[in-house]
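Please read the structure below before turning to the comments.
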Amino acid sequence: MKEYISALSNGTKDSEVKKWMENVLKLKMKERDVLLSSLRFTLDQDDLIRKIKEKIKSSIVVRNNHDDVYHSLHSNIRTYFYKTIKAGKKIQITFDEYKRLFGSCYFTGANGKLPIRRVAVAIPSEPTKLRFIKMLIDINDLDDSKEDEIIEHTTNMLLLLNHLEEWEKSGYIGPAVRQVFDNESILKWRNIFKESTRAVEKLVKGGRKIEEIDADIIEGALKCLDTIRREVLTIEDTMLDTALSNGQFYLLSENEQIGWRYDWKS
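Take the position in the sequence shown, starting the count at 1, then add 229; the result is the number in my numbering.
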């Protein structure tokens, strides 16, 4: 304990604090133990929360909804602390790390839209080898000769992926927001997929084999795809255009989270 108090004293430039630390160090061990065991910390939690909210409200980033910002910060910081401690790591965070991890919390109260920038993307040399392109070819939506469409769909997927990564890197969104966005997109797909493949499912339950009803499966897959392409997605109150919305579904397809055929998982 003596070494710990000495370290605290050496770590502060406040002369008043140093003086009190030195006084504690001068005490005999029993006296020091009695003093330290008698210490009590009484915090007025409501006052502390009020002060935190006032600090948030005064931030130039936040214009309103400071209560939402506070709750977002509180939840995300508690989660970060829990995961860090569970991993057996020391909680030590720099300003840049704080901005990256919790910067998105401040936009909860800013009523701002996520920045969307149209920049060129690097198309792979062989886009037909992408999983989601193969799936579109498999249901006759594309073929190898439709190079322009293949490039367009690939561009949409990469644009969406780049935006998600940039928003997260810049602190506009956190991993939780991205997960919610994915979950909501998958739910939209699941509802449309179920409706589009209902006729095929009826045939399968009636004893028909998959290879016997391939034409029906393709018809259901195209119906699902056509409906999905009309969906408009939103993330953090920012409505995405059709290209980026399509890109999200292509990305989920590329990551094997959704498909078009009734038997897409097999």
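Even glycine gets a Cβ: it sits at the ideal position worked out from N, Cα and C.
Asked                                                                                                                              : Found
Cβ-based burial, Q486 [other Cβ within 10 Å; buried from 16]                                                                       : exposed
Alpha helix (DSSP H) segment containing S482, residue limits                                                                       : 471–483
CB contact flag (V429, D445, <8 angstroms)                                                                                         : yes
For I322, three-class secondary structure by DSSP                                                                                  : coil
Boundaries of the alpha helix (DSSP H) in which W493 is found, first to last residue                                               : That residue, W493, is in no alpha helix (DSSP H); it is neither H nor E in DSSP.
Simplified DSSP assignment, three categories, for I464                                                                             : strand
Exposed unless 16 or more other CB atoms sit within 10 angstroms - verdict on V246                                                 : exposed
Simplified DSSP assignment, three categories, for E378                                                                             : helix
Among L481, E251, S238, K315, the one whose alpha carbon lies nearest that of Q408                                                 : L481
Chain-order list of residues whose beta-carbon lies under 8 angstroms from that of M364 (same chain, five-residue window excluded) : S482, G488, W489, R490, W493
Cα-Cα separation between C334 and V298, rounded to whole angstroms                                                                 : 6 angstroms
CB-CB length for I421 against I457, believed under 8 angstroms                                                                     : 6 angstroms
Span separating the alpha-carbon of L237 from that of V461                                                                         : 56 angstroms
Where L473 falls, given that 16 or more other Cβ within 10 Å makes a residue buried                                                : buried
Coarse secondary structure for P404, derived from DSSP in three states                                                             : helix
8 angstroms contact criterion, which F478 and W396 should meet: CB distance rounded                                                : Not a contact, Cβ separation roughly 18 angstroms.
8 angstroms contact criterion, which C453 and S495 should meet: CB distance rounded                                                : That belief does not hold up - the Cβ atoms of C453 and S495 are roughly 16 angstroms apart, past 8 angstroms.
Under 8 angstroms between C-beta atoms of K231 and L254                                                                            : yes
Member of V350, I380, L343, R346 whose CA lies at the smallest distance from the CA of S358                                        : A small fix is needed here, since residue 358 is Lys in this sequence, not Ser. Per the Cα distances, I380.
Among L388, T384, P353, the one whose alpha carbon lies nearest that of R346                                                       : L388
D466 versus K342 - alpha carbon distance                                                                                           : 7 angstroms
Cβ-Cβ distance between T383 and I368 below 8 angstroms                                                                             : no
Buried versus exposed call for L268 [16 or more other C-beta atoms within 10 Å across all chains shown]                            : exposed
Cut-off 8 angstroms between Cβ atoms - residues of its own chain near D372, not counting five sequence neighbours on either side   : I366
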